[in-house]
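Numbering (the working numbering), first residue to last: 24 to 96.
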(Lines of atoms letter the chains of each structure in order from A and count residues from 1; the text may use other names and numbers.)
(Lines give C-alpha, C1' and ligand atoms only; values in the text may rest on other atoms or scores of the structure.)
Protein backbone atom coordinates (compact mmCIF):
# COMPACT_ATOMS: atom_id res chain seq x y z
CA UNK A 1 0.00 0.00 0.00
CA UNK A 2 1.26 3.49 -0.79
CA UNK A 3 1.25 6.15 1.90
CA UNK A 4 1.78 9.75 0.78
CA UNK A 5 2.88 12.20 3.47
CA UNK A 6 2.89 15.95 2.99
CA UNK A 7 5.51 17.60 5.18
CA UNK A 8 5.22 21.26 6.15
CA UNK A 9 7.69 23.64 4.46
CA UNK A 10 8.68 21.02 1.84
CA UNK A 11 7.50 21.13 -1.75
CA UNK A 12 7.82 17.39 -2.34
CA UNK A 13 5.76 14.65 -0.76
CA UNK A 14 7.21 11.62 0.98
CA UNK A 15 5.83 8.40 -0.55
CA UNK A 16 6.28 5.15 1.37
CA UNK A 17 5.25 1.74 0.05
CA UNK A 18 4.49 -0.35 3.10
CA UNK A 19 3.06 -3.78 3.79
CA UNK A 20 1.25 -2.61 6.94
CA UNK A 21 -2.53 -2.49 6.95
CA UNK A 22 -4.46 0.74 6.46
CA UNK A 23 -5.69 0.56 10.06
CA UNK A 24 -2.13 0.19 11.41
CA UNK A 25 -0.96 3.19 9.38
CA UNK A 26 -3.95 5.28 10.49
CA UNK A 27 -3.25 4.40 14.13
CA UNK A 28 0.42 5.40 13.75
CA UNK A 29 -0.58 8.71 12.15
CA UNK A 30 -3.10 9.51 14.90
CA UNK A 31 -0.48 8.73 17.54
CA UNK A 32 2.08 10.97 15.77
CA UNK A 33 -0.39 13.87 15.58
CA UNK A 34 -0.88 13.82 19.35
CA UNK A 35 2.88 14.05 19.91
CA UNK A 36 5.94 12.14 18.85
CA UNK A 37 7.22 11.00 15.47
CA UNK A 38 5.50 9.04 12.71
CA UNK A 39 7.50 5.88 12.13
CA UNK A 40 6.76 3.57 9.20
CA UNK A 41 8.67 0.63 7.73
CA UNK A 42 8.63 0.39 3.94
CA UNK A 43 8.38 -2.78 1.83
CA UNK A 44 12.20 -3.07 1.68
CA UNK A 45 12.63 -2.91 5.45
CA UNK A 46 13.80 0.72 5.66
CA UNK A 47 12.42 2.89 8.44
CA UNK A 48 10.99 6.33 7.72
CA UNK A 49 10.65 8.68 10.68
CA UNK A 50 8.91 12.06 10.37
CA UNK A 51 8.30 14.47 13.27
CA UNK A 52 4.59 14.51 14.08
CA UNK A 53 4.58 18.30 14.33
CA UNK A 54 5.81 18.58 10.71
CA UNK A 55 3.04 16.47 9.15
CA UNK A 56 0.79 18.48 6.83
CA UNK A 57 -1.39 15.64 5.55
CA UNK A 58 -1.35 11.87 5.05
CA UNK A 59 -3.00 10.01 2.17
CA UNK A 60 -3.42 6.29 2.77
CA UNK A 61 -3.82 4.29 -0.46
CA UNK A 62 -5.94 1.21 -0.88
CA UNK A 63 -4.62 -2.21 0.06
CA UNK A 64 -5.82 -3.66 -3.24
CA UNK A 65 -3.26 -4.18 -6.02
CA UNK A 66 -3.93 -2.42 -9.32
CA UNK A 67 -4.76 -4.57 -12.31
CA UNK A 68 -2.16 -4.66 -15.06
CA UNK A 69 -2.82 -5.42 -18.71
CA UNK A 70 -5.54 -5.04 -21.26
CA UNK A 71 -7.84 -7.85 -20.09
CA UNK A 72 -10.42 -5.47 -18.63
CA UNK A 73 -10.72 -3.33 -21.79
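Built from N, CA and C at the ideal position, the CB exists for glycine as well. These numbers were taken from a predicted model, which means no experiment stands behind them.
(message) Which residue marks the beginning of the beta strand (DSSP E) containing residue 63, and which one marks its end?
(response) Counted from its first residue, the chain shown places residue 63 at position 40. 60 to 64 is the extent of the beta strand (DSSP E) around residue 63.
(message) Considering only the alpha carbon of each residue, which of 42, 77 and 93 lies closest to residue 32?
(response) Position 9 of the chain shown holds residue 32. When 42, 77 and 93 are compared, the shortest CA-CA separation from residue 32 is found for 77.
(request) Using the Cα positions of residue 93 and residue 57, report the straight-line distance between them to the nearest angstrom. (result) As a working note, residue 93 is residue 70 in the chain shown. As a working note, residue 57 is residue 34 in the chain shown. Distance between the alpha carbons of residue 93 and residue 57: 45 angstroms.
(request) Using three-state DSSP, classify residue 5 as helix, strand or coil. (result) Residue 5 is absent from the structure shown; the chain starts at 24 and stops at 96.
(request) Kindly indicate which residue of 84, 24 and 40 has the alpha-carbon position closest to the one of residue 70. (result) As a first step, residue 70 must be located in the chain shown, where it is residue number 47. Nearest C-alpha to residue 70: 40.
(message) Only counting the same chain, and skipping five residues up and downstream in sequence, which positions put a Cβ closer than 8 angstroms to that of residue 68?
(response) Position 45 of the chain shown holds residue 68. Hits under 8 angstroms: none found.
(message) Looking at residue 37: is its Cβ nearer than 8 angstroms to the Cβ of residue 73?
(response) As a working note, residue 37 is residue 14 in the chain shown. As a working note, residue 73 is residue 50 in the chain shown. Closer than 8 angstroms, so yes.
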